[in-house]
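In my numbering, the protein residues as written are 1118 to 1820.
Here a beta-carbon is modelled for each residue, glycine too, at the ideal position from N, C-alpha and C.
These numbers come from a predicted model, not from an experiment.
Working notes for the structure below.
In C-alpha cells, the structure reads:
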C-alpha cells in the first residue's frame, strides 16, 4: 500500500517547474473567469454606483431648478440674491433689494461700445425708454451730449420676457472724458403716447451711473502683426448700490453661463457674467454644477468600464496562457496546424502582439483572412470576459505546401500540408464518380440561385461550388441591398451562413449522401471589425494594412467610450499617463488638483479624473482631488472676473491676449498630434514582426 501510494505521488513530484507554473496559471485563470462570469452585482452595490446615482440625481435637480427659475414658476423675487449679498458669498456688499417694484439695470459692452439698458418688474403696457448722456466738467458742470427715446412693448405675467423692456444704446462717438448716463422709463397704456395715459405702477423711474472713457495706445504695437490703433476703454466710476437680481433673471443667465462655459471654457463664462454684473456666487454655482455633473456622472461610468480589482488583473503569464489556449481551441475548430516553434506573443505596455503561423490540412476550409478574423474574434471574446482592453495586433501567416489554396476559386482546397505519396489512380472509379459529383454541384448551384432570388435583402455577388468524395464546399460572397448597409444591415454573416446551409441541406438531402456540406459566406461590405467582433479598430497608416483591435465593451458607457472620437482621445490620454506614470504616482493627488485648477478649463475636471483612473489611484481620492481643483477653479474665476477685466484693460493687453491664446491652442494641438504619432510609432513597432517573418523564411523558405 505504501509503495502504491508513493507511486501515485511520483508524477506530482516529477513535474518540471514549467508544468507546475502552467497548471497554477490555468487554475488562477479559471478562478478569475468564475468571478468575472458570476459577478452580477446589482446597482448601488459599490461606491462608484452611489456617486453615479448622486450625480444623476443632482443633474436632474439642477435642470429642474433652472427650468423653474427661468420659466417664472418661482416668481421673480430678489430675496435670494439679497440674502446672499449679506454673507461671505458676495464680496461686493449688500445689494438693493427689490420686491415687486420696477427697477433698472445698465451695464456696458466694451467690445461693441454699447450700453445694455433694461427695465424689470414693469407693468404690462408700452414702455418709453429715455436714455441721456451728459459730459461732466469741472465743478460738477454737465453738458448734454446725446439723448435718445424709444418705445418697447412690455409683456404681461405668464408671457415670455414678462415685465421687461430692454434696449441697446451706443457710446462709440463719445470722446475720452467723464460722463453720466441716465435712464428713465415710463409705462403707458397705448402706443399713441401723445394721447395715452400712464398706467398704475408705470410712473417714471430713473437710474444714473457715472463712467469714464479712456483712450490708450496698444501695447506691442511695434510688432508687425499688432496694429497701432487706439484702444477705447470704459470704466464705471459710480454705479451706486447693485440692484439685486430676480430669480427669473438668474435662471436665464444660468443657461447663458452654461453655454459660454461649454463653448469657450470656464474663463469665458466668468468674464461674460462679470461684465454683465452677475453676482459671483451665482456664476460659481453654475460652474460648480457643471463640474459636479461631469465628474459624478461620466467619471463613474468610465471607472466601471475600465477599473479592475488587483486580484482580477491578468499578469503577463496569464495573458500568454489565455491566448495560447484560445488559439489551440480555434485551430482545432478550423482544422489548422499551428507551428508552435515559430509562434510568438509579446504582451507590451501599450499592446499585445501575437504572431500565428499555421498550415492548412485536409479539413481546412477557411482562407487566411477568415482564419485571422476567427482567431481574433475568439481572443477578443476572452479578453472581454477578463476586461483586457489593450490593443491586440494579430498577424496570421499560412505556411507549408497548402499556403497557396484559394478559397474563393476552390483551387487547392482540401490538400494536406504534408507531401503524401501518390497512390495509383483508378481511372475507372474516377470517371464513374465524376458524373455524380457534377450533378450534385449543379443542384447546389441551383439552390444558391433560388435562395438569393427569393430574398430581397441580399444579392449574390459570386459563388464557387467544388466537391470530392468527402465534402461539398460552397463559398459565397453576398451584398446587402439596403442603402447604407454598412450601418443598417443587422444580419450577421453567421446568420446568413446558417440559413444558406439549412436551405441547401433540406433541398438536396437525397443527393448529399455521405458527403459533408461546408458553407462559407462573406459580406462584401463587412470589415475586420465586423468579422472579429472588435469594439474598435486602429490602422497604422494609409499604405500599411496592419491594424490593432480592442475588445468590445458592454453597456451604453462602454459603447460611448469606444466611439472613434472618444476612443482616440482616451488612447492618447492613456499613453500620456503611461509616459508620466512615475510623476503621477508621486504627485498624483496634488498634481490632479493643480491640473484641474491651473488650466481654468471645465474639461480639466474630467481629464484629471481620467489621468487618476489610468494611474490606478483610489476612486474616492481621485474624486476628491478633481472636485477640490474644480471648486478652486470656479471660485477663483467667479470672484476675480471683474478684476481680471480691469487688469486686461489697464495694461492694454486686448490685442496680445488673442495672440497668446492662439499660440497656446496651436501648441496644444501640436502636442496632441505629436503624442498620437509617438503612440502610433510605438504601437506598430516593426522589430518583433520582422523577426517573425525572418524565422518563417528561414524554416520554410519563400513561403
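Kindly indicate if chain D contains any beta-carbon less than 7 Å away from that of residue i.
i: residue 1360; result: Absent here is chain D; the protein component of the structure consists of one chain.
Taking the CB atoms as reference points, tell me whether residue i and residue j lie closer together than 7 Å.
i: residue 1354; j: residue 1327; result: yes
i: residue 1300; j: residue 1351; result: no
i: residue 1610; j: residue 1583; result: no
i: residue 1692; j: residue 1397; result: no
i: residue 1165; j: residue 1420; result: yes
i: residue 1429; j: residue 1187; result: no
i: residue 1619; j: residue 1636; result: no
i: residue 1714; j: residue 1749; result: yes
i: residue 1464; j: residue 1516; result: no
i: residue 1371; j: residue 1183; result: yes
i: residue 1746; j: residue 1410; result: no
i: residue 1461; j: residue 1809; result: yes
i: residue 1511; j: residue 1497; result: no
i: residue 1560; j: residue 1617; result: no
i: residue 1404; j: residue 1751; result: yes
i: residue 1598; j: residue 1574; result: yes
i: residue 1361; j: residue 1252; result: no
i: residue 1316; j: residue 1298; result: no
i: residue 1171; j: residue 1413; result: yes
i: residue 1224; j: residue 1393; result: yes
Keeping to the same chain, check which residues put their C-beta closer than 8 Å to that of residue i; ignore five residues upstream and five downstream.
i: residue 1268; result: 1243, 1244, 1245, 1246, 1308, 1310
i: residue 1149; result: 1428, 1429, 1431, 1435, 1503
i: residue 1302; result: 1219, 1221, 1236, 1239, 1244, 1245, 1246, 1247, 1282, 1321, 1322, 1323
i: residue 1580; result: 1562, 1565, 1591, 1592, 1593, 1594
i: residue 1217; result: 1238
Helix, strand or coil: which one does DSSP assign to residue i?
i: residue 1670; result: coil
i: residue 1276; result: coil
i: residue 1254; result: coil
i: residue 1845; result: A query on residue 1845 cannot be resolved here, the shown segment of the chain reaching from 1118 to 1820 and no further.
i: residue 1580; result: strand
i: residue 1265; result: strand
i: residue 1291; result: coil
i: residue 1431; result: coil
i: residue 1657; result: strand
i: residue 1571; result: coil
i: residue 1285; result: strand
i: residue 1136; result: helix
i: residue 1130; result: Unreliable positioning characterises residue 1130 in this predicted model, as indicated by a pLDDT of 49, which lies under 50. The coordinate reading is nonetheless provided below. Of the three classes helix, strand and coil, the one that applies to residue 1130 here is helix, per DSSP.
i: residue 1625; result: coil
i: residue 1563; result: helix
i: residue 1477; result: strand
i: residue 1313; result: coil
i: residue 1734; result: coil
i: residue 1328; result: strand
i: residue 1632; result: coil
i: residue 1590; result: strand
What does a CB cutoff of less than 6 Å around residue i pick up in its chain, not counting 5 residues either side in sequence?
i: residue 1793; result: 1689
i: residue 1202; result: 1211, 1212
i: residue 1742; result: 1706, 1709, 1710
i: residue 1395; result: 1370
i: residue 1547; result: With a pLDDT of only 40 at residue 1547, under the threshold of 50, the placement of this residue in the model should not be trusted; the figure read from the coordinates follows. Here the set comprises nothing.
i: residue 1543; result: Confidence in residue 1543 is poor, its pLDDT being 47 and thus under 50, which makes the residue's placement too unreliable to answer from.
i: residue 1285; result: 1231, 1233
i: residue 1386; result: 1374, 1377, 1378
i: residue 1289; result: 1230
Grab me the residues of residue i's own chain with a C-beta within less than 7 Å of its C-beta, minus the 5 sequence neighbours each way, in chain order.
i: residue 1185; result: 1191
i: residue 1363; result: 1193, 1194, 1195, 1237
i: residue 1273; result: 1241, 1279
i: residue 1655; result: 1508, 1664, 1665
i: residue 1365; result: 1186, 1187, 1189, 1193
i: residue 1314; result: 1305, 1306
i: residue 1142; result: 1434, 1435, 1438
i: residue 1576; result: 1569, 1595, 1596, 1598
query = With contact counted as at least three CB pairs below 8 Å, one residue from each stretch, are the stretch 1278 to 1298 and the stretch 1311 to 1322 in contact?
reply = no
request  = Run through the stretch 1155 to 1241 for me and flag every whole beta strand (DSSP E) of 3 or more residues, listed as ranges in chain order.
outcome  = 1220 to 1226, 1231 to 1237
task = Count the CB pairs spanning the stretch 1467 to 1487 and the stretch 1502 to 1509 that are closer than 8 Å, and state whether there are at least three.
result = yes
ask   = Do the stretch 1435 to 1442 and the stretch 1618 to 1635 make contact, defined as three or more Cβ pairs closer than 8 Å?
value = no
inquiry  = Quick test of the definition: if touching needs 3 or more C-beta pairs under 8 Å, does the stretch 1449 to 1459 touch the stretch 1481 to 1490?
reply    = yes
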